[in-house]
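All you need for the working numbering is the position in the sequence shown, starting with 1, plus 1. Note that beta-carbon positions come from the ideal geometry of N, C-alpha and C, so glycine has one too. Since the structure comes first, as C-alpha cells, the remarks are kept for the end.
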Amino acid sequence: MTKPRPCGCKGCRTCLICETQYGADNFKLKLELDKNKSYVYCPLCNKAWQGWDVDSYKEHPNHSGKALDYPGVYIQLDFLSENEETELMKNIDEMPWDTSQSGRRKQNFGPKTNFKKKKIVLGQFNGFPEFSEYLQKRFETVDCLKNYEVIEQCSLEYDPSKGASIDPHIDDCWIWGERIVTVNCLSDSVLTMMPYKGDVKKYNLESAEEFKAIVSKDGEFIMNSDRDGLSAFQASRPIIDKDEIVRIPMPRRSLLVLYGEARYHWEHCVLRDDILSRRVCIAYREFTPPYLPNGKHQEIGDIIRSEAKIFWNHKERLRKVEC
Numbered sequence: 002m003t004k005p006r007p008c009g010c011k012g013c014r015t016c017l018i019c020e021t022q023y024g025a026d027n028f029k030l031k032l033e034l035d036k037n038k039s040y041v042y043c044p045l046c047n048k049a050w051q052g053w054d055v056d057s058y059k060e061h062p063n064h065s066g067k068a069l070d071y072p073g074v075y076i077q078l079d080f081l082s083e084n085e086e087t088e089l090m091k092n093i094d095e096m097p098w099d100t101s102q103s104g105r106r107k108q109n110f111g112p113k114t115n116f117k118k119k120k121i122v123l124g125q126f127n128g129f130p131e132f133s134e135y136l137q138k139r140f141e142t143v144d145c146l147k148n149y150e151v152i153e154q155c156s157l158e159y160d161p162s163k164g165a166s167i168d169p170h171i172d173d174c175w176i177w178g179e180r181i182v183t184v185n186c187l188s189d190s191v192l193t194m195m196p197y198k199g200d201v202k203k204y205n206l207e208s209a210e211e212f213k214a215i216v217s218k219d220g221e222f223i224m225n226s227d228r229d230g231l232s233a234f235q236a237s238r239p240i241i242d243k244d245e246i247v248r249i250p251m252p253r254r255s256l257l258v259l260y261g262e263a264r265y266h267w268e269h270c271v272l273r274d275d276i277l278s279r280r281v282c283i284a285y286r287e288f289t290p291p292y293l294p295n296g297k298h299q300e301i302g303d304i305i306r307s308e309a310k311i312f313w314n315h316k317e318r319l320r321k322v323e324c
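Structure follows, in C-alpha cells:
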C-alpha cells in the first residue's frame, strides 16, 4: 500500500480517495495541533494575533489579545484583479493537469531535480506559458522580490472533494532560494506554520549555511550585503525560541512571499480542513546563490536561467500535440 496508487498518492501521503477506496486510511497523517497556541498573521499590521480563525485578521485594527512578532512574511492583497484571475484560470485549465500526491493536481515547469543526490539537469524544461509572463514581470514591483529570477513555476490544484492538502515541510534549501512565492487563486486558504527543530540535514537545510541572506528581517533586499558575515540560516534564526502555531491567510488573488525565519525555521502546510472550495495556487522558486553568476555551479545555472527567459503560446503547443 506504500507504493503509488491510482489516485496519485504514494508512501505515507493520502487523500480521501485512497483512504476510502484503497485502504490507505492507516497511513493518514494524524497532525495534532494545539489551537490554544495559535496566532493569526495580519497582513495589514504585519503581526500575529492570538486565535485560530484566520478571518480574524479582517478585524484590523481592532485586534485583541497577545500579539507576536513574526518576521519573514509579505502579503500583497489583490495582487490580481478579478478579470485577471478569470483569464488566468481559463488558460491554466486549457492545459493538461498531472496527478500529484495528497489529492492535488499539478502543472510543473522547471528543471529536473534530485534533492537527495543534489543534482539538477535541464531535462525537458524550456520556459513557461506566456499567459503567465505578466505575473513574473509584476514581481519587479515588489520590494522584497528585487532581482527575483523564476526558474520553476508550478500550478497546484486543491480539491476539497479529494481531501486535498499538503503535509508539513520546508521547501528544499539546496536548490530553491530564500524567497518562496505563491499567487493564490479561486478561493481563500491558509498556510499553517509550525517551528522546526529537527535535523538540519532534512530538507537540505544545511545548504543554507553556505550562502548569505538576501532579504533582511524587514523585507529589505540586501544582495551583496555582508550581513555581519552570517549565513542565510543563521541570520534568520529566531531571537526567541517559539513554540506557537502561526496561521497565515492566503486571500483569493493575493501574493504571499516567505523568506528569512519563516522560510528556514518553520515548516508550513495546508490543512485539509482549510480547503473549502477549489483552490489553485501558482508557486514560484528561484535559485540559491551557488547557481547564480559567480557561484560555484554557475555553468548549469546559466543554462537553466537562459531557458527560463522563454515564454511560449500554450494554444500553439496544444495544437502540435493534437497533431
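Could you give the first and the last residue of the continuous beta strand (DSSP E) run that contains Phe110? Taking the first residue of the sequence shown as position 1, residue 110 is located at position 109. Note, Phe110: beta strand (DSSP E), Arg105 to Phe110.
For the stretch 74-153, list the beta strand (DSSP E) runs that are entirely contained and at least 3 residues long, ordered along the chain. Scanning the stretch 74-153 from its first residue to its last, the whole beta strand (DSSP E) runs of 3-plus residues come out as 74-77, 105-110, 113-115 and 120-122.
Determine whether the beta carbon atoms of Ser101 and Gly9 lie at a separation below 8 Å. In the sequence shown, residue 101 corresponds to position 100, counting from 1. In the sequence shown, residue 9 corresponds to position 8, counting from 1. Yes, they are a contact pair.
Can you tell me which residues form a DSSP beta bridge with Ser232? As a working note, residue 232 is residue 231 in the sequence shown. For Ser232, which the question treats as bridged, DSSP gives the partners Lys213.
Given this structure, state the Cα-to-Cα distance separating Glu20 from Asp26, to the nearest angstrom. Sequence index remark: in the sequence shown, residue 20 carries index 19 (1-based). Sequence index remark: in the sequence shown, residue 26 carries index 25 (1-based). Glu20 and Asp26: Cα-Cα distance of roughly 4 Å.
Starting from Thr21, follow the alpha helix (DSSP H) in both directions and report where the run begins and ends. Translated into positions along the sequence shown, residue 21 becomes position 20. Leu17 to Gln22 is the extent of the alpha helix (DSSP H) around Thr21.
For Glu211 and Cys174, I'd like the C-alpha separation in whole angstroms. Indexing the sequence shown from 1 puts residue 211 at position 210. Indexing the sequence shown from 1 puts residue 174 at position 173. Computed Cα separation, rounded: 10 Å.
In chain order, what residues of the same chain have a beta carbon less than 6 Å from the beta carbon of Pro196, not counting five sequence neighbours either side? The residue labelled residue 196 in the question sits at position 195 within the sequence shown. These residues qualify, in order along the chain: Lys243 and Trp267.
What is the C-beta distance between Leu192 and His269, in whole angstroms, given that I count them as a contact (C-beta under 8 Å)? As a first step, residue 192 must be located in the sequence shown, where it is residue number 191. As a first step, residue 269 must be located in the sequence shown, where it is residue number 268. Taking the Cβ atoms as the reference, Leu192 lies roughly 5 Å from His269, within the contact range of under 8 Å.
State whether the stretch 177-186 contacts the stretch 284-292, with contact taken as three or more CB pairs (one from each stretch) at a distance under 8 Å. Flag = yes, the stretch 177-186 and the stretch 284-292 touch.
Cα-Cα separation between Lys117 and His61, rounded to whole angstroms: Position 116 of the sequence shown, counted from the first residue, corresponds to residue 117. Position 60 of the sequence shown, counted from the first residue, corresponds to residue 61. Lys117 and His61: Cα-Cα distance of roughly 44 Å.
Put Asn205 into one of helix, strand or coil per three-state DSSP. The residue labelled residue 205 in the question sits at position 204 within the sequence shown. Here Asn205 sits in helix by DSSP.
Would you identify the three-state DSSP class for Ala263, choosing helix, strand or coil? Residue mapping note: residue 263 aligns to position 262 of the sequence shown, counting from 1. In the displayed model, Ala263 falls within a helix according to three-state DSSP.
For Lys119, count neighbouring Cβ atoms within 10 angstroms of its own Cβ and tell me buried if that reaches 16, exposed if not. The count along the sequence shown starts at 1 and reaches residue 119 at position 118. That one is exposed.
Please classify Asp200: does DSSP put it in a helix, a strand, or coil? Mapped onto the sequence shown, residue 200 falls at position 199. Three-state result, Asp200: coil.
So does Thr142 have its beta carbon nearer than 7 Å to some heavy atom of the ligand GDP? No copy of the ligand GDP occurs in the structure displayed, which carries no ligand at all.
Cβ neighbour criterion (16 or more within 10 Å) applied to Asn185: The residue given as residue 185 occupies position 184 in the sequence shown. So Asn185 ends up on the buried side.
Less than 8 Å between the beta carbons of Arg280 and Ser188, yes or no? Counting from one through the sequence shown, the residue named residue 280 turns up at place 279. Counting from one through the sequence shown, the residue named residue 188 turns up at place 187. Yes. Within cutoff.
What would DSSP say about Asn185, mapped onto helix, strand or coil? As a position in the sequence shown, residue 185 is number 184, starting the count at 1. Strand at Asn185.
Selection from Thr289, His315 and Lys316 that minimises the alpha carbon distance to Asp1: This structure cannot settle anything about residue 1, because the visible part of the chain is limited to 2 through 324.
For the beta strand (DSSP E) holding Lys218, just list the boundary residues, first then last. Residue numbering aside, residue 218 sits at position 217 when the sequence shown is read from its first letter. Where Lys218 is concerned, there is no enclosing beta strand (DSSP E), given that its DSSP letter is neither H nor E.
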